[in-house]
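FYI, in our numbering the residues of the sequence shown are 12 to 268.
The structure under discussion appears below in the form of structure tokens.
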Amino acid sequence: MRDYNETFNTGLKELDDLTGGFQNGQLILVGGRPAMGKSSLAYSIMLNSLDDPDRNCALFSLDSPANLVIKRLAELKEEQDIQDGSSPSLSQAFMDISLSSLFIDSDSNDIDEIIKRGMRIKHSGTLIIVDYLQLISAGNIRDEKEKNSEVLIRLKQLADEMCCPVLVLSQLSRDIENRRNHRPELKDFADIPCEAFSYIDQIMFLYRESYYNDETEFPDETEIEVVKHSKNKTGVVLTGFNGRTGFYDLEEDMEDE
């Protein structure tokens, strides 16, 4: 029987220190505009889970087909191997990903299908990831806010029933682009009704200054802002992110310099 007190560490040390990791039964929502790295954050967490046999990830990818997800994971792993000083090999990275216990589903696009397949996952220490909220359908519900509310409620129920954390990625409103301060706020979840937030245990935003300012001093620096946490502190964590390596701890990067 799974323990609600168990946590799933993301492998990003400062984020895990702030949040205490993702706890079983939690629904975590990560919001960001396109190009902020939402999917890359999910992929980085998945790769970090490969180092721990007690952790596993199940990804429902509505944004990219499974073969492209696997290709991206292999490319990230090859780059990580280079950074770690081991012999890089894309073919070996593909093999490692293929032989791992990672579960990747790009065929389910309705919440009923996702719940049905999610309930079949038996691996203890699993994190379920959904990429992303706005692409999920919910039967015949056509109103976007009503649909997203139903999806979040069902995913929270899945987290409770499976006793595992569920991480949901979400797009944010274009209104961010029209503001002088482009950092996201709760109001930028424009297609999520206020009452649905009561089902969410953690809310995080991704923000990269370099996306809006080419002259920023630290182009890889990315903020992960935890704005809601039912069991721990909120705050901002600075991480590194680029297209080659995905997300990484900045303190490790500074130690190497």
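Think of the CB as a built atom: it goes at the ideal place given N, C-alpha and C, for glycine as much as any other residue.
For residue i, write down the residues that DSSP places opposite it in a beta bridge.
i, result
"Asp260", "Thr250"
"His240", "Gln213"
"Phe105", "For Phe105, which the question treats as bridged, DSSP gives no partner whatsoever."
"Gln34", "Thr18"
"Gly42", "Ser181, Phe216"
"Ile235", "Leu217, Val248"
"Ser148", "Asp121"
Measuring alpha carbon to alpha carbon, tell me which of the options ends up nearest residue i.
i, options, result
"Lys262", "Asp107, Val248, Ile211", "In the sequence under discussion, the amino acid at residue 262 is Glu, which differs from the Lys named in the question. The residue with the shortest Cα to Cα distance from Glu262 is Val248."
"Tyr143", "Asp260, Gln37, Gly36, Ser51", "Ser51"
"Ser157", "Ser117, Ile125, Cys175, Pro204", "Inspection of the sequence shows that residue 157 is occupied by Glu rather than by Ser. When only C-alpha atoms are compared, the closest one is Pro204."
"Ile81", "Asn151, Met106, Phe216", "Met106"
"Gly136", "Gln145, Thr21, Arg255", "Thr21"
"Thr256", "Phe71, Asp92, Gly150, Leu138", "Asp92"
"Leu58", "Pro230, Leu113, Met130, Asp118", "Leu113"
"Ala69", "Pro230, His134, Glu188", "His134"
"Ala149", "Asn120, Asp95, Ser181, Ile139", "Asn120"
"Leu84", "Glu17, Ile56, Gln94", "Ile56"
"Lys242", "Glu25, Lys24, Gly32, Leu23", "Gly32"
"Pro64", "Asp95, Phe19, Tyr222, Ile39", "Phe19"
Just to confirm my understanding: we take residue i, look at its own chain, exclude 5 residues before and 5 after, and list those with CB closer than 7 Å. What are they?
i, result
"Met265", "Low per-residue confidence applies at Met265: pLDDT is 45, beneath 50, and the placement is therefore not dependable enough to give any value."
"His240", "Thr30, Gln213"
"Leu183", "Gly42, Gly43, Arg44, Pro195, Asp199, Phe200"
"Arg165", "Ile122, Ile126"
"Gln37", "Ala170, Pro176, Asp212, Gln213"
What are the boundary residues of the beta strand (DSSP E) that residue i is part of?
i, result
"Gln94", "Where Gln94 is concerned, there is no enclosing beta strand (DSSP E), although the alpha helix (DSSP H) it sits in stretches over 77-95."
"Gln182", "177-182"
"Asp142", "137-142"
"Ser72", "67-72"
"Ile164", "Per DSSP, Ile164 belongs to no beta strand (DSSP E); it is in the alpha helix (DSSP H), 155-173."
"Ile56", "From DSSP, Ile56 is part of no beta strand (DSSP E) but of the alpha helix (DSSP H) over 49-60."
"Asp116", "114-116"
Would you kindly work out how many angstroms separate the C-alpha atoms of residue i and residue j, rounded to a whole number?
i, j, result
"Tyr218", "Pro45", "10 Å"
"Asn224", "Pro195", "16 Å"
"Gln34", "Ala170", "10 Å"
"Tyr54", "Asp154", "30 Å"
"Gly42", "Gly48", "10 Å"
"Leu79", "Ile115", "11 Å"
"Val177", "Phe229", "31 Å"
"Lys244", "Val162", "26 Å"
"Ala77", "Ala207", "29 Å"
"Glu86", "Gly254", "10 Å"
"Asp202", "Ser160", "9 Å"
"Ile125", "Cys174", "16 Å"
"Phe258", "Lys24", "11 Å"
"Glu188", "Glu232", "19 Å"
Mind checking which residues open and close the alpha helix (DSSP H) that includes residue i?
i, result
"Asp123", "122-129"
Once the 5 residues before and after residue i are set aside, which same chain residues still bring their CB inside 6 Å of it?
i, result
"Ser111", "Leu61"
"Asp123", "none"
"Met215", "Val41, Ile235, Val237"
"Glu268", "The predicted position of Glu268 is uncertain, since its pLDDT is 44 and thus under 50; no value can be drawn from it."
"Val141", "Phe71, Val179"
"Leu73", "Asn120, Leu146"
"Gly251", "Asp231, Tyr259, Leu261, Asp264"
I'd like the list of long-range same chain contacts for residue i, defined as Cβ closer than 8 Å, with 5 residues on each side in sequence excluded.
i, result
"Arg190", "none"
"Asn67", "Ser60, Ser112, Leu113, Phe114, His134, Gly136, Thr137, Leu138"
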